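Contents: one structure, followed by commentary.
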Amino acid sequence: MKKINILWASLNLIFLIAFNALFFMLGGKDHSATVWISYGLIHFSYLMLLATPYFVRGGGASSFYGRPLYSISYTYFLVELITGIIFILITTANIKLILTIQIVVTAIYAYFLLSNLIANEYTADSVIRHEIELQYIKESSAKLNSILRQISDNKMIKKVEYAYDLIKSSPVKSSYEVQAIEQEVIDEIENLREAVGQNNPEQIIGIVKKICTLAEDRNRQLKLLN
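Here is the structure:
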């Protein structure tokens, strides 16, 4: 176990050790059901706070997903700690009233926590889908830009630039129906790279024309689908 993990575990245990030491030292072991309910929920809320990092969706935007979850769990812990201590001190409190309040507070916490988890899943899936859709534009544009730097003939440069601008300005949002065309465009760009390396003007012109035709067909189909 890494030293940093041991230090974090020790830090997280401070509250539990201090709370339990004070609870049993000041109040002893004999308590009513209302006290034990509050005692248990204080521990539950703190454990949920410690477990919150495991609910956070991974990836580059983990801080974006985690911030509201931490706020919800931290607020729930504070509410449970305050109400729990109050109910522990008021030993004569009605058990039905305490249960009602605790159930409502915990239900509100569960609702907001689960709602945020669901929203995070939808957001993360949307981001992943957007990145996949962007891949065609990014990959094709980057490859064409690289090829442009290998060409010295102005006539050829203009033709490749036209293909580059066409793809660069294409709709980002993609669809399953055009994925085969997108892959064909990427394959043809690789063929173009080879043709430029062989300095074959006729082949270059033919491949660029095919790339443009495919790219235009892809964009046209997307407009029809939308």
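Residue numbering for the sequence shown follows the working numbering, starting at 10 and increasing by one per position. Idealized CB from N, CA, C, for every residue including glycine. All values derive from a computational prediction rather than experimental measurement.
Check: Sorted by chain position, which residues of the same chain lie with C-beta nearer than 6 Å to Tyr-79's C-beta, five sequence neighbours on each side aside?
Finding: Taking the first residue of the sequence shown as position 1, residue 79 is located at position 70. If you ignore the 5 residues before and after Tyr-79, its C-beta comes within less than 6 Å of the C-beta of Thr-61, all in its own chain and listed in chain order.
Notebook entry, point to check: Whose C-beta lies closer than 6 Å to the C-beta of Lys-219 among residues of the same chain, with five residues either side of it excluded?
Noted result: To locate residue 219, count along the sequence shown from 1; it is residue 210. Short of 6 Å from the beta carbon of Lys-219, and not among the five residues preceding or following it, lie these beta carbons of its own chain, in chain order: Glu-197.
Next item on the list: Determine the extent of the alpha helix (DSSP H) in which Val-44 is found, giving its start and end residues.
Entry: The sequence position of residue 44 within the sequence shown is 35, counting from 1. DSSP places Val-44 inside the alpha helix (DSSP H), whose first and last residues are 42-60.
Item checked: Alpha carbon of Ile-156 to alpha carbon of Tyr-63, nearest angstrom -> As a working mapping, residue 156 is identified with position 147 in the sequence shown. As a working mapping, residue 63 is identified with position 54 in the sequence shown. One C-alpha to the other measures close to 45 Å.
Notebook entry, point to check: Could you give the distance in angstroms between the alpha-carbon of Gln-212 and the alpha-carbon of Glu-148?
Noted result: As a first step, residue 212 must be located in the sequence shown, where it is residue number 203. As a first step, residue 148 must be located in the sequence shown, where it is residue number 139. C-alpha separation (whole angstroms): 22 Å.
Note to self: Just to confirm my understanding: we take Thr-109, look at its own chain, exclude 5 residues before and 5 after, and list those with CB closer than 6 Å. What are they?
What the structure shows: As a working note, residue 109 is residue 100 in the sequence shown. Hits under 6 Å: none found.
Check: Is DSSP giving Gly-206 helix, strand or coil here?
Finding: Along the sequence shown, one-based indexing puts residue 206 at 197. Here DSSP, grouped into helix, strand and coil, assigns Gly-206 to helix.
Checklist line | DSSP three-state assignment for Asn-1, whether helix, strand or coil | finding: This structure leaves residue 1 out entirely; the chain is present only between 10 and 235.
Check: How many Å lie between Leu-98 and Leu-59 at the Cα?
Finding: Numbered from 1 along the sequence shown, position 89 holds the residue referred to as residue 98. Numbered from 1 along the sequence shown, position 50 holds the residue referred to as residue 59. Rounded to whole angstroms, Leu-98 to Leu-59 spans 26 Å at the Cα level.
Next item on the list: Return helix, strand or coil for Arg-227, following the three-state DSSP convention.
Entry: Here residue 227 refers to the residue found at position 218 when the sequence shown is read from its first residue. Helix.
Notebook entry, point to check: Do Val-65 and Gly-75 come within 7 Å of each other at the CB atom, strictly closer than that value?
Noted result: What you label residue 75 is simply residue 66 of the sequence shown in a count that begins at 1. What you label residue 65 is simply residue 56 of the sequence shown in a count that begins at 1. For the 7 Å CB-CB criterion, Gly-75 and Val-65 form a contact.
Next item on the list: Return the chain-ordered list of same chain residues with a C-beta closer than 6 Å to the C-beta of Pro-210, the five sequence neighbours on each side being excluded.
Entry: Residue 210 sits at position 201 when you count from the first residue of the sequence shown. So the list is empty, once near-sequence residues are dropped.
Item checked: Rounded distance between the beta-carbons of Glu-89 and Ser-54, thought under 8 Å -> Along the sequence shown, one-based indexing puts residue 54 at 45. Along the sequence shown, one-based indexing puts residue 89 at 80. About 4 Å separates the beta carbons of Ser-54 and Glu-89, which is inside the 8 Å limit, making them a contact pair.
Next item on the list: Would you tell me roughly how many angstroms separate the C-alpha atoms of Ala-172 and Glu-225, rounded to the nearest one?
Entry: Along the sequence shown, read from residue 1 onward, the residue named residue 172 stands at position 163. Along the sequence shown, read from residue 1 onward, the residue named residue 225 stands at position 216. Here the alpha carbons of Glu-225 and Ala-172 stand approximately 10 Å from one another.
Item checked: Completely contained alpha helix (DSSP H) runs for the stretch 134-185, where each covers 4 or more residues -> As far as the stretch 134-185 is concerned, its whole alpha helix (DSSP H) runs of at least 4 residues are 163-177.
Next item on the list: Could you name the residues of the same chain whose beta carbon sits closer than 7 Å to that of Arg-158, not counting the 5 residues immediately before and after it, in chain order?
Entry: In the sequence shown, counting from the first residue as 1, residue 158 sits at position 149. Answer for Arg-158: no residue qualifies.
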